[in-house]
Amino acid sequence: MRHLYLNGAWQASASGESIDVVNPATEELIDRVPAGSPADVEAAVAAARAALPMWSATAPAERGKFLAAAADLLHERADQIARIISTDMGAPYGLAMKVQTLMPAGVLASYASLTETYDFDTKRIGNSWVLREPVGVVGAITPWNYPLHQIVCKVAPALAAGCTVVLKPSEVAPLVAFALAGIFDEAGLPPGVFNMVSGHGPVIGEAIAAHPDVDMVSFTGSTRAGRRVAAIAAETVKRVALELGGKSASVILPSADLQTAVKATVANAFINSGQTCSAWTRMIVHRDQYDEAVALAVQAAAKYTVGDPFDEGTRLGPLVSAVQRDRVVRYINRGQEEGARLVAGGTDRPLDRGFYVEPTVFAGVEPGMVIEQEEIFGPVLAVIPYTRGEDEAVSIANGTPYGLAGAVWADNESNAVSVARRLRTGQVAINGGRFNPLAPFGGYKQSGIGRELGEFGLEEYLETKSLQM
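Heads up: the sequence shown is residues 1 to 469, going by UniProt numbering.
Here it is as structure tokens:
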């Protein structure tokens, strides 16, 4: 069994218990990781607290050198890391390489660069000198769907800001976190600056959120779990950053290139087998174009070959676990019970083994249906009509508890931007605008609190102090 990473060394868990790690494509046991205990959290937080004065006093550019070294090592080992991710959580190898490995390596490098340019001694206001200082010890609790990227989105800016970190990776797909801990160790990060405790969320996550010596908790996961983290953290009035669920809409205006918009929406809805919080899982189309849009979506979905993550032809890998597969199947059944029309996919198992679900498209979806309101986290797209123009389309798009991402399509960019500005969501792609890992990422409403990535992500881990001169 593996060990925890505490105070610059690999150490056995105080619990002596383990968690099985299963390959979702084969259902085979591939590893075991420690099921940590509150005593392990105590040791990790103590190490992070002891290292904080030294690390926070280290010049930002010097902190950045460690991040740059880690980014270089991640690039060098990209194939190994991508294979770990594909095996651990089922992402097709190409996706695991490009999005799940190389993008986080770029994010690490971006924070290394930001330590050289960000002005921590911000500005003078009258007789006051305004400073930005590290918030302190950060507890990072991360999910399984992008198991490296979500860690880097928290750990990199926290370290760049001068904070020390206790990481709790998802117990569902934990293996890449151990690889990253090894990279930080090899990069020479001082003991106690980065610590990792694997284990179950209700044990390790809650112990981190409740610990009085943890100054901030940054959590990514479900809205339900985020509420729990925030409630526990409130007992010690610590800062909380939450990146939670989504039910994002792709709004296709009548003037848009329909074929391009539908193809891109399907691709976004199905990326990572739909296990993406910002996926455009609702496609909102004018009634006059609805039937054509549904037909195009069915054609596009048919091209998403389900299979082994390491087969070149695979576009849709397995869901991460049997639990997640069963959850998605329940939602597909619920959609049919509500009267939505299944036009692609369904609940049949496409392969004899593995936690697979077919790429699924629902037509006849009405606002308020469960499959239109709740995050499914699988390859399921709901196509929703509107009839009365942009106001109705915007109302439908804004009509869920979430507000994480979205898209608007039109032949006129200014028209698309005008509609996008009315969407209550943290980021909107205009006519297929690419994801920018330097721009702020985060949501409105129940999609969370705070922002990740770029300068905005760094500032989440900084306190503001004013000196009156």
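C-beta atoms are modelled at their ideal positions from N, C-alpha and C, and glycine is treated no differently.
Note that the structure is a prediction, hence the values are computed from the model and not measured.
8 angstroms contact criterion, which residue i and residue j should meet: CB distance rounded
i: S273; j: G317; result: 6 angstroms
i: L423; j: A397; result: 6 angstroms
i: T122; j: L52; result: 21 angstroms between Cβ atoms; not a contact.
i: A71; j: L108; result: 4 angstroms
i: A48; j: G192; result: 6 angstroms
i: A140; j: S218; result: 5 angstroms
i: D40; j: S13; result: 5 angstroms
i: V365; j: I384; result: 5 angstroms
i: Q100; j: G245; result: Not a contact, Cβ separation roughly 20 angstroms.
i: Y331; j: I376; result: 5 angstroms
i: N436; j: A416; result: At roughly 17 angstroms, the Cβ-Cβ gap does not stay under 8 angstroms, so N436 and A416 are not in contact.
i: E133; j: L462; result: 7 angstroms
Length of the line joining the Cα atoms of residue i and residue j
i: A443; j: F362; result: In the sequence as presented, Ala is not what sits at residue 443; that position holds Gly. One C-alpha to the other measures close to 26 angstroms.
i: E243; j: L296; result: 32 angstroms
i: P401; j: A300; result: 28 angstroms
i: P254; j: M1; result: 57 angstroms
i: Q427; j: G406; result: 6 angstroms
i: I371; j: R349; result: 20 angstroms
i: D79; j: G307; result: 20 angstroms
i: residue 470; j: S418; result: Missing from the structure shown is residue 470; the chain here goes from 1 to 469 and no further.
i: M283; j: R388; result: 16 angstroms
i: P440; j: V262; result: 26 angstroms
i: A293; j: Y356; result: 26 angstroms
i: G136; j: A209; result: 14 angstroms
i: V240; j: Q336; result: 38 angstroms
i: A207; j: A233; result: 10 angstroms
i: Q259; j: T220; result: 34 angstroms
i: A173; j: P309; result: 15 angstroms
i: P104; j: P367; result: 36 angstroms
i: S110; j: V251; result: 32 angstroms
i: R334; j: L404; result: 24 angstroms
i: D119; j: A179; result: 32 angstroms
i: V166; j: H3; result: 15 angstroms
i: L319; j: V152; result: 22 angstroms
i: I204; j: H211; result: 11 angstroms
i: L190; j: S395; result: Rather than Leu, the amino acid found at residue 190 in this sequence is Pro. Approximately 51 angstroms, taken between the alpha carbons.
i: E338; j: R327; result: 17 angstroms
i: A420; j: Y5; result: 44 angstroms
i: V22; j: S414; result: 48 angstroms
i: G16; j: H200; result: 14 angstroms
i: K154; j: T281; result: 26 angstroms
i: I271; j: R224; result: 23 angstroms
Classification of residue i by the beta-carbon crowding that lies within 10 angstroms, buried from 16 upward
i: M216; result: buried
i: A24; result: Before going further, note that residue 24 is Pro rather than Ala in the sequence given. Under this definition P24 is a buried residue.
i: N412; result: exposed
i: P202; result: exposed
i: residue 530; result: The structure shown does not extend to residue 530, since the chain spans only 1 to 469, so no value can be given for it.
i: A393; result: buried
i: K247; result: buried
i: V130; result: exposed
i: S86; result: buried
i: V285; result: buried
i: S466; result: exposed
i: Q275; result: buried
i: L125; result: Checking the sequence, you will find Ile at residue 125 rather than Leu. That one is exposed.
i: T464; result: exposed
i: S170; result: buried
i: V469; result: Sequence check: residue 469 is Met here, not Val. Exposed, because fewer than 16 other Cβ atoms sit within 10 Å of the Cβ of M469.
i: K98; result: exposed
i: A249; result: buried
i: G227; result: Correcting the residue identity first, residue 227 is Arg in this sequence and not Gly. That one is exposed.
i: L73; result: buried
i: R434; result: exposed
i: E358; result: buried
The ligand ATP heavy atom lying under 7 angstroms from the CB of residue i
i: L29; result: Questions concerning the ligand ATP fall outside what the structure shown contains, since it holds no ligand whatsoever.
Legend entry - Stretch-stretch touch, CB-based, cutoff 8 angstroms, three pairs: the region 186-205 with the region 32-45: yes
Legend entry - beta strand (DSSP E) segments (min. 3 residues) lying fully within the region 1-65: 4-6, 9-11, 18-23, 28-34
Legend entry - Touch test, the region 49-61 against the region 139-156, Cβ-Cβ under 8 angstroms, three pairs minimum: no
Legend entry - Three-pair Cβ contact test at 8 angstroms for the region 5-13 versus the region 185-193: yes
Legend entry - Touching by the beta-carbon criterion (3+ pairs, under 8 angstroms), the region 91-103 and the region 300-314: yes
Inset, instruction - Decide yes or no for the touch test of the region 106-122 against the region 453-460: beta carbon pairs closer than 8 angstroms, at least 3 of them. - result: yes
Inset, instruction - Decide if the region 66-74 is in contact with the region 156-169; the criterion is three or more beta carbon pairs, one per stretch, under 8 angstroms apart. - result: yes
Legend entry - Whole runs of the alpha helix (DSSP H) within the region 232-314, excluding any shorter than 4 residues: 258-270, 287-301
Inset, instruction - Note down, one range per segment and in chain order, each beta strand (DSSP E) of at least 3 residues found wholly within the region 129-191. - result: 137-141, 164-168
Inset, instruction - Could you pull out every unbroken beta strand (DSSP E) segment of at least 3 residues lying fully inside the region 370-435, listed in chain order? - result: 380-386, 406-409
Inset, instruction - Can you check the region 316-368 for any beta strand (DSSP E) of at least 3 residues that lies completely inside it and give the ranges in chain order? - result: 341-344, 360-363
Inset, instruction - Can you check the region 86-130 for any beta strand (DSSP E) of at least 3 residues that lies completely inside it and give the ranges in chain order? - result: 123-125
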